[in-house]
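Following the numbering used here, the numbering of the sequence shown begins with 1030 at its first residue and continues without gaps. For each residue, glycine too, the CB sits at the ideal point set by N, CA and C. All figures in this text were calculated on a predicted structure; none of them were measured in a lab. Accompanying notes for the structure given below.
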Amino acid sequence: MGRLAAIRERGGTVVVVDPRRTPTARRATEWVPVRPGTDALLLFAILHTLAENGWVRRPSHLDGMVDGLDDVVALAAQFSPER
């Protein structure tokens, strides 16, 4: 059994965001077919929403491994989902 099937068997949801209906997208619970070239905009809108709700934080055990998170969150501030 593959990873996606195992996740679904445990009751999980697998969402694939991709302009193409790839084999992975076909096995997913849901496929979100974004327009080609808009993947990054969707990612920034999601990050914007996470940050706006206070759901972005860096666990202390990752301090030495994560660099630039604050910069990326600041960039995402201009990409609200409504935009």
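Using only the alpha-carbon positions, how far apart do residue i and residue j sit?
i	j	result
Arg1049	Pro1062	7 Å
Val1043	Pro1052	13 Å
Trp1060	Leu1033	13 Å
Ala1035	Arg1064	29 Å
Arg1112	Ala1106	11 Å
Glu1081	Asp1092	22 Å
Starting from residue i, follow the beta strand (DSSP E) in both directions and report where the run begins and ends.
i	result
Glu1059	Glu1059 to Val1061
Val1046	Val1044 to Val1046
Tell me which residues share the same chain as residue i and place their Cβ nearer than 7 Å to its Cβ, disregarding the 5 neighbours each side in the sequence.
i	result
Thr1078	Pro1110
Ala1057	Leu1033, Val1043, Val1044 and Val1045
Spatial neighbours of residue i within its chain, please: CB distance less than 6 Å, with the 5 preceding and 5 following residues excluded, ordered by chain position.
i	result
Arg1087	Val1095 and Leu1098
Asp1047	Ala1054
Phe1108	Phe1073, Ala1074 and His1077
Can you tell me where the alpha helix (DSSP H) with residue i in it begins and where it stops?
i	result
His1077	Asp1068 to Glu1081
Thr1053	Pro1052 to Arg1056
Leu1033	Arg1032 to Glu1038
Ala1103	Leu1098 to Ala1105
Leaving out five residues before and five after residue i in sequence, what residues of the same chain have Cβ atoms less than 8 Å from its Cβ?
i	result
Leu1104	Phe1073
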